[in-house]
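In the numbering used here, each residue carries its 1-based index in the sequence shown increased by 5.
What follows is one structure encoded as C-alpha cells, with my remarks underneath.
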Amino acid sequence: MKISRQKKVHRYLSFFSNNYGFRKPYQILIDGTFCYAALKNKFNIKEQTPKYLDGDVKLLTTQCVIHETSTLGHSVYGAMVIVKQFATHRCSHNDKPVPGSICLESMLGVNNPNRYIVATQDKELQATARKIPGTPLLYLHQKAPTLEQPSAASSRMARINSNEKFEVNKFDKDTLTDLKHKKFGVPEPQAEMQKRKKKRGPNPLSCKKKKKKPAKENETQTSNMKKRKRIRVPKHVKEHWVSLVKEELANN
Ligand SMILES: [Zn+2]
6 MKISRQKKVH RYLSFFSNNY GFRKPYQILI DGTFCYAALK NKFNIKEQTP
56 KYLDGDVKLL TTQCVIHETS TLGHSVYGAM VIVKQFATHR CSHNDKPVPG
106 SICLESMLGV NNPNRYIVAT QDKELQATAR KIPGTPLLYL HQKAPTLEQP
156 SAASSRMARI NSNEKFEVNK FDKDTLTDLK HKKFGVPEPQ AEMQKRKKKR
206 GPNPLSCKKK KKKPAKENET QTSNMKKRKR IRVPKHVKEH WVSLVKEELA
256 NN
C-alpha cells in the first residue's frame with residue numbers, strides 16, 4: 006500500500022476517533038454486496054481489512070443480510086458462504102427479515118451510536134450512510150479497499166459539536182467568574198491590577214512631599230526655640246529680681 010493511501014486512512018480514522026469516539030477494534034458491518042465484490046476481486050476480507058485499517062477489527066453482519074444472500078441463489082452462493090463466517094449483531098427484524106440495505110440502515114439509526122464502519126458496494130446504502138453523521142464508509146475499488154473521506158454530514162456535525170463544547174466551556178467559565186465575584190466577593194482581576202499599580206507605582210508627588218516634611222519639622226523646632234529665646238529673661242532683669250528678693254529677705 007502506498008504511503009499516501011496509508012496517510013489518508015490514518016487521517017480519516019483519526020477524524021472519526023476524535024469526533025465520534027471510534028476505537029480499536031473497529032466494528033465493520035458488512036453486507037452481501039461487499040462480500041460478492043471481495044470474492045470477485047479475490048480480496049480476503051479477514052486478512053486484508055485489518056492491515057488496511059492498521060488495527061484489529063470485528064467483522065459483523067446481520068441475520069437479514071445472511072437471509073438476503075441465501076435467497077439470491079447460486080450466483081451469490083460464494084458471497085453467502087463468506088458472510089456467514091462473520092459474527093451476527095442482533096437487528097430488530099427477528100420475525101420478518103428485511104432487505105440487507107434496510108436492515109443495515111436501521112442498525113445505523115440516526116447517528117450510528119454503535120460506531121459501525123459500513124462495508125458495502127450498494128450505492129443506495131452508501132448514499133444513506135453518508136447522510137448519517139459519524140458513519141465511516143468502506144468499499145472496494147476493484148481489489149483495493151477504500152475508506153471514504155468523512156462525509157459532509159459527518160464533518161458538519163463534528164464542527165457543530167466542537168463549537169458546542171466551546172460554548173459550554175465559555176458558559177462554565179462565565180458562571181464560575183460570577184460565583185467568584187458575586188458570591189465570594191473575590192475582586193475582579195482588573196481591580197486587583199489597579200490596586201497593585203497604586204501600591205507599586207512610584208508617585209513622584211508623594212516623594213517630593215516626603216522631602217518637604219522633615220524640612221517643615223525643623224522649621225517648627227527652630228521657631229519654638231526662637232520663641233523660648235524671646236521668653237528668656239534678660240540678665241539685668243534677673244539681677245534686679247534677685248536684688249528685690251534679697252531686700253525682702255533682709256527686711257524679714
Ligand atoms: Zn435485520
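We put the CB at the ideal spot given by N, CA and C, even for glycine.
Computed from a predicted structure; not experimentally measured.
- In this model, L249 and R237 are separated by some 19 Å (Cα to Cα).
- Around the C-beta of S19, fewer than 16 other C-beta atoms lie within 10 Å, and the residue is accordingly described as exposed.
- For F39, the closest of A84, G26, R10, Y25 by C-alpha to C-alpha distance is A84.
- The Cβ-Cβ distance between L34 and L109 falls below 7 Å.
- For A149, the number of other beta carbons within 10 angstroms of its own is below 16, and it is reported as exposed.
- Taking the CA atoms as reference points, V14 sits about 11 Å from K7.
- Going by DSSP, P150 is part of no alpha helix (DSSP H) but of the beta strand (DSSP E) stretching over 149–152.
- For I33, no alpha helix (DSSP H) segment is defined; the enclosing uninterrupted segment is the beta strand (DSSP E) at 31–35.
- Its chain contains D61, V62 as the residues whose beta carbon lies nearer than 7 Å to that of P55, once the 5 sequence neighbours on both sides are disregarded; these appear in chain order.
- H72 has its CB no nearer than 6 Å to any heavy atom of ligand 1.
- Applying a distance threshold of 5 Å between residue Cβ atoms and the heavy atoms of ligand 1 selects T67, C69, C96, H98, C108, given in chain order.
- In this structure, DSSP gives L18 a helical state, which the three-state scheme calls helix.
- When C-alpha distances from A43 are compared across Q131, P155, Q126, A157, the shortest belongs to Q126.
- In this model, S167 and S80 are separated by some 47 Å (Cα to Cα).
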